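Reading through the structure tokens given below for one structure.
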Amino acid sequence: MKQQKSFKDMEQGKLYLVPTPIGNLEDMTFRSVKMLDEADLIASEDTRNTQKLLNHFDIATKQISLHEHNVKERVPELIALLKEGKKIAQVSDAGMPSISDPGHELVLQAIEEDIDVISLPGASAGITALIASGVSPQPFTFYGFLPRKSNEQKKALEGLKNNHSTLIFYESPHRIVKTLINMKEVFGGNQKAVLCRELTKLFEEYSRGTIESLIEGLEGKTIKGECCLIIEASVSEQPDDSVLGLTLVEHVTYLIEEMDFSSKDAIKEVAKIRGLKKQEVYKEFHRE
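Under the UniProt record's numbering, think of the first position of the sequence shown as 1, with each following residue one higher.
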């Protein structure tokens, strides 16, 4: 086991993962502004995009590009600078670095070289959308972008079909309806679904309904802006007989221990599967 004491030796080089706004520049934290200003170098997914942010906050720190097309050449260069004692701030175009964005390779190499990696908290589209969606926030599975090709997308969705947690996806506005149609084919059309668009921006929009109703409401329309899609956890239509053979308490305990459900969501799930009221399951589970 290796332990990182992030702020023990401030003379050594450190890699800072700095979140940037997903739309509204006012979501930039004081700490993130300070870090970008104090860093020796900023590793940016797109230097032109990041420069707009730096100009807004009067930050003059030099940038270097780090994206999917130059990561193999750039990582060794950045690691060498970190070993020299440089402080490097890594940013993506929006939100948290490495989440559906390039840069994870630098984190892995820094850890391999015993260089401290320090993550600053900040904006993340998936969590921002989830907590306002109205869909149960726990447990959840963040997937990000699905494969673009329809057959590969369906295969990925099949793998998530029996995942008993809320699903979070990112999607292009040009592909969102096709993706929903594939979800209907795999998941069915009755699962609760929420499309979150243009988060934190002037035209922020939440479209809440079912997979089927979202398709009906969006088909044929021009959709703009980055999209985040929240899909309700699946509930098996025909539960495994071995699960139904369990007592109520055993069934709830199984979901908590084996499926990582919270006790609240496990009780709700068992009630759905067995056609009972939540109160009945709650009283049985918490009976002393």
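We put the beta carbon where it would ideally sit given N, CA and C, even for glycine. As the structure is a prediction and not an experimental result, all values here were calculated from the model.
From the DSSP output, in three-state form, read off Leu-195 for me. strand
Please report how far the alpha carbon of Phe-250 lies from the alpha carbon of Asn-163, in whole angstroms. The amino acid occupying residue 250 in the given sequence is Glu; Phe does not appear at that position. For Glu-250 and Asn-163, the distance between alpha carbons rounds to 20 angstroms.
What runs of the beta strand (DSSP E), each 3 residues or longer, lie entirely inside the segment 200-228? 205-210
DSSP three-state assignment for Glu-171, whether helix, strand or coil: strand
May I ask you to list the residues that DSSP assigns as paired with Leu-15? Ile-88, Val-117
Within 10 angstroms of the Cβ of Arg-74, are there 16 or more other Cβ atoms? Answer buried if so, exposed if not. buried
Counted within 10 angstroms of its Cβ, other Cβ atoms place Glu-237 as buried (16 or more) or exposed: Residue placement at Glu-237 is flagged as unreliable, the pLDDT there being 49, under the threshold of 50; a coordinate-derived value is accordingly withheld.
If you follow the beta strand (DSSP E) that Gly-159 is part of, which residue opens it and which one closes it? Where Gly-159 is concerned, there is no enclosing beta strand (DSSP E), although the alpha helix (DSSP H) it sits in stretches over 150-160.
Where the beta strand (DSSP E) containing Leu-41 begins and where it ends: That run of the beta strand (DSSP E) goes 41-44.
Under three-state DSSP, which class holds Ser-133? helix
Nearest residue (CA-CA) to Glu-158, options Gly-144, Phe-169, Arg-148, Met-183: Closest option to Glu-158, Cα to Cα, is Met-183.
Please state the DSSP three-state secondary structure of Ile-181. Per DSSP, reduced to three states, the secondary structure at Ile-181 is helical.
Whole angstroms are fine: how far does the CA of Val-91 sit from the CA of Phe-203? 25 angstroms
Roughly how many whole angstroms lie between the Cα atoms of Ala-132 and Arg-208? 11 angstroms
Helix, strand or coil at Thr-141 according to DSSP, with G and I counted as helix: strand
Strand pairing of Thr-47, partner residues [DSSP]: Bridge partners of Thr-47: none, in fact.
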